[in-house]
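Enquirer: First the structure, which I've put down as structure tokens, then a few questions once you've had a look.
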Amino acid sequence: MTTVTSTHDRAGSAPEAAALHEIVEGVFAWVQPDGTWWINNAGAVSGPDGTIVVDTCATEVRTRRFLAAVGAATGDAPLTMAVNTHLHGDHTYGNSLLPSSTVLIGHEAMREGLLADPIIDGCPPVWQPVPDWGQVTRRVPSVVLRSDLTLFTGSRRVDLLHPGHPAHTTGDVVAWLPEERVLFTGDLIFHGVTPLVFMGSVEGAIASLGWLADFGADHVVPGHGPLIDGAALPGVLADVERYLQLVLRTARTGLEEGLTPFEAAQRCDLGEFAAWPDAERLVLNLHRAYADAAGRPFDLMAAIGDAVRYNGGPMASAV
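Those letters in the sequence shown? Residues 1 to 319, per the UniProt record's numbering, in order.
Set out below in structure tokens:
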């Protein structure tokens with residue numbers, strides 16, 4: 001058994017550690033180290049008609065820093081549109097800090113999920129410290145897509161695309177700039193951080209990796225972790241696939257031997273992935289694999305309880 005408790009270097013994961021990177025002219029990535037629980041990446045695309053934001057952040061403090069950096073880099077160009085790549089709070093809770101005039105866009109399943117999300121109203125002590133969201137309120141997209149939608153700021157084109165099946169969640173969207181060859185993947189890619197697919201599908205997440213590779217991107221902004229260039233992308237995708245295949249093998253063996261997801265996780269040797277932060281996500285991912293294999297509903301509370309047990313206590317947060 002390999003159990004790793006997430007740890008955070010407070011200086012390295014504090015809001016002040018985040019930085020805005022200009023990938024190509026007018027296209028920005030907001031990278032928040034160290035990319036673990038509640039610490040996401042976001043972005044912005046600037047053009048003649050204003051700025052398109054890709055995701056917000058989990059807390060008021062982190063989102064205000066992100067939006068201030070975007071404003072400074074773009075001469076305070078109006079934030080005309082914003083896209084949520086999926087429903088999770090680290091990418092959406094800051095939505096309410098966008099101007100009221102900003103048109104918010106997401107997949108229809110993402111909108112439904114955020115409407116039903118209870119964590120923004122009061123986070124249970126599953127994470128320590130309990131996240132302090134600050135003055136944020138629930139704000140969901142007013143424009144939704146099912147498969148694809150194209151946005152423009154001037155002549156700059158941003159394609160929003162759904163993989164066509166559950167992956168990280170049921171409502172994942174990537175933002176693709178075909179001229180600039182820049183791809184914002186949301187949480188379809190965790191770079192150097194344990195992937196999380198408990199609200200989607202392990203097999204669907206694996207299938208999405210080939211779909212991402214087919215874009216032929218030169219620059220990739222993952223949902224968590226460092227930026228990726230085109231040359232490094234195949235290796236990153238291969239790493240994620242090996243992890244997800246490990247989850248599937250562990251689930252199959254566990255089901256054959258009559259183990260619970262928690263027991264299967266205890267027996268699993270994470271090997272090369274033991275050093276990735278948030279190893280307790282293995283339990284959540286196994287609960288999803290078990291539920292899909294048995295054709296039964298996913299039990300969120302049982303999965304979270306087992307993840308906390310596996311971790312030896314609440315999961316680490318830095319927000």
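Glycine is no exception: its CB is placed at the ideal position from the N, C-alpha and C atoms. The structure displayed is predicted, hence computed values, not measured ones.
Using 8 Å as the cut-off, can you tell me whether the region 238 to 252 makes contact with the region 51 to 59, which would need three or more C-beta pairs spanning the two stretches below that distance?
Expert: no
Enquirer: Evaluate contact between the region 106 to 120 and the region 86 to 95, counting only Cβ atoms and requiring at least three cross-stretch pairs below 8 Å.
Expert: yes
Enquirer: Can you tell me where the alpha helix (DSSP H) with P261 in it begins and where it stops?
Expert: If you look at P261, you'll find it in the alpha helix (DSSP H) that goes 261 to 267.
Enquirer: Note down the Cα distance separating T253 from V136, rounded to an integer number of angstroms.
Expert: 43 Å
Enquirer: Do H168 and D187 have their beta-carbon atoms positioned less than 8 Å apart in this structure?
Expert: yes
Enquirer: Could you give the residue range of the alpha helix (DSSP H) that holds M110?
Expert: 108 to 116
Enquirer: Which residues does DSSP pair with G154 in a beta bridge?
Expert: BP columns for G154 are empty, so no partner.
Enquirer: Which residue marks the beginning of the beta strand (DSSP E) containing S46, and which one marks its end?
Expert: That run of the beta strand (DSSP E) goes 42 to 47.
Enquirer: According to the neighbour-count rule (16 or more other Cβ atoms, all chains shown, within 10 Å of its Cβ), is D306 buried or exposed?
Expert: buried
Enquirer: Just to confirm, is the Cβ distance from V158 to N285 under 8 Å?
Expert: no
Enquirer: Closer than 6 Å by C-beta to V140: which residues in its own chain qualify, once you throw out the five before and the five after it? Chain order, please.
Expert: Correct list, in chain order: R111, L114, L115.
Enquirer: Mind checking who I52 pairs with in its DSSP beta bridge?
Expert: V45, M81
Enquirer: Give the DSSP-derived three-state secondary structure of H165 in the structure shown.
Expert: coil
Enquirer: Between the C-alpha atoms of T170 and V197, what's the straight-line distance to the nearest angstrom?
Expert: 10 Å
Enquirer: What does the alpha-carbon distance come out to for the pair E257 and C268?
Expert: 13 Å
Enquirer: Quick one: Cα of F28 to Cα of A294, how far?
Expert: 43 Å
Enquirer: Does the region 73 to 80 come into contact with the region 122 to 134, if we say contact requires no fewer than three beta-carbon pairs (one atom in each stretch) closer than 8 Å?
Expert: A contact is defined here as three or more CB-CB pairs under 8 Å, and the region 73 to 80 fails this definition with respect to the region 122 to 134.
Enquirer: Less than 8 Å between the C-beta atoms of W37 and F66, yes or no?
Expert: no
Enquirer: How many angstroms separate the CA atom of L20 from the CA atom of G204?
Expert: Looking at the two C-alpha atoms, the distance is approximately 31 Å.
Enquirer: Suppose you measure from the CA of T150 to the CA of I105; what does that come to, to the nearest Å?
Expert: 11 Å
Enquirer: Between F28 and the ligand MG, is the CB less than 7 Å from at least one heavy atom?
Expert: Among the ligands in the structure shown, none appear at all, so the ligand MG cannot be discussed.
Enquirer: Per DSSP, what are the beta-bridge partners of V103 in this structure?
Expert: M81
Enquirer: Just curious, the beta strand (DSSP E) that A232 is in, first and last residue?
Expert: Element bounds for A232: n/a, residue is neither H nor E.
Enquirer: Taking the C-alpha atoms as reference points, what is the distance between T74 and G26?
Expert: Going from the Cα of T74 to the Cα of G26 covers about 8 Å.
Enquirer: Compare the C-alpha of L184 against each of F152, G47, A217 and name the closest.
Expert: With the sequence shown as reference, residue 184 is identified as Phe, and Leu is not the correct amino acid for it. Nearest option by C-alpha distance: A217.
Enquirer: Pull the bridge partners of G186 from the DSSP assignment, please.
Expert: P222
Enquirer: With 16 other CB atoms within 10 Å as the buried threshold, where does S208 fall?
Expert: Counting Cβ neighbours within 10 Å, S208 comes out buried, since at least 16 surround it.
Enquirer: Candidates N84, T194, E272, L237: which alpha carbon is nearest F43's?
Expert: Reading off the sequence shown, one finds Gly at residue 43, where the question assumed Phe. The residue with the shortest Cα to Cα distance from G43 is N84.
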